[in-house]
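This report concerns only the one structure given below.
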Amino acid sequence: MLLPLLILLVALCVALGGWAAWFVVKDRAVILNQLWGGAIVEGVLIAQAITAAIRSATGAPPSDPLLFWGYMATALVILPIAAAWAFAERTKWSSVVLLVAALTVAFLDYRLWQIWTGA
0 MLLPLLILLV
10 ALCVALGGWA
20 AWFVVKDRAV
30 ILNQLWGGAI
40 VEGVLIAQAI
50 TAAIRSATGA
60 PPSDPLLFWG
70 YMATALVILP
80 IAAAWAFAER
90 TKWSSVVLLV
100 AALTVAFLDY
110 RLWQIWTGA
């Protein structure tokens, strides 16, 4: 794991969560642009997973590989599931789902960093 990717991913998640929170306040459903924002976050998360796999394979594994990859797998599936749910739910609750998913991914990524560094 690289610290710049962690910072970028957490910042993107917080921005997406803030955008979704604004839509909750305005009583609006998720729009397609927000789902594209989620896709960007997912792309960065995939890049982070690839980076972690390469670093693990080249001799810099996480302190607890099983826990780390469990968290990574969970983080990778949260946004696609939330996007599908938000797309199907056409009320303000779709924005709540996206908000919770974005903040969850941000937290999970921070936790991934803790596991990687052994903190």
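In case it helps, numbering that gives the first Met the number 0 puts the sequence shown at residues 0 to 118. Here a beta-carbon is modelled for each residue, glycine too, at the ideal position from N, C-alpha and C.
Does the Cβ of Y109 have 16 or more other Cβ atoms within 10 Å, making it buried, or fewer, making it exposed? Reading the sequence shown from its first residue, position 110 is the one you call residue 109. So Y109 counts as exposed.
Please check the pair L75 and A48, which I expect to be a contact at CB under 8 Å, by giving their CB distance rounded to whole angstroms. The residue you call residue 75 lines up with position 76 of the sequence shown. The residue you call residue 48 lines up with position 49 of the sequence shown. The pair is a contact, with the Cβ atoms about 7 Å apart (cut-off 8 Å).
Three-state class that DSSP yields for L4 in the structure shown: Along the sequence shown, one-based indexing puts residue 4 at 5. Looking at L4 - three-state DSSP - the assignment turns out to be helix.
State the Cα-Cα distance for the pair W21 and V95, rounded to the nearest angstrom. As a first step, residue 21 must be located in the sequence shown, where it is residue number 22. As a first step, residue 95 must be located in the sequence shown, where it is residue number 96. Cα to Cα, the separation comes out at about 10 Å.
Nearest candidate by alpha-carbon position, reference A56, set G36, I114, M0: As a position in the sequence shown, residue 56 is number 57, starting the count at 1. Of the candidates G36, I114, M0, the one whose C-alpha sits nearest the C-alpha of A56 is M0.
Quick one: give me the first and last residue of the alpha helix (DSSP H) that G69 is part of. Taking the sequence shown and counting its residues from 1, the one referred to as residue 69 is at position 70. Segment 64–87, the alpha helix (DSSP H) holding G69.
For T116, name the three-state secondary structure that DSSP assigns. On the sequence shown, residue 116 is found 117 positions in, with the first residue counted as 1. If DSSP states are grouped into helix, strand and coil, T116 belongs with the helices.
Could you tell me the alpha carbon to alpha carbon distance between A177 and K91, rounded to whole angstroms? What the structure shows of the chain is the stretch from 0 to 118, and residue 177 is not part of that stretch, so it cannot be assessed.
CA-to-CA distance, V29 to R89, given in whole angstroms: On the sequence shown, position 90 is the one that residue 89 refers to. On the sequence shown, position 30 is the one that residue 29 refers to. So the alpha carbons of these two residues sit roughly 7 Å apart.
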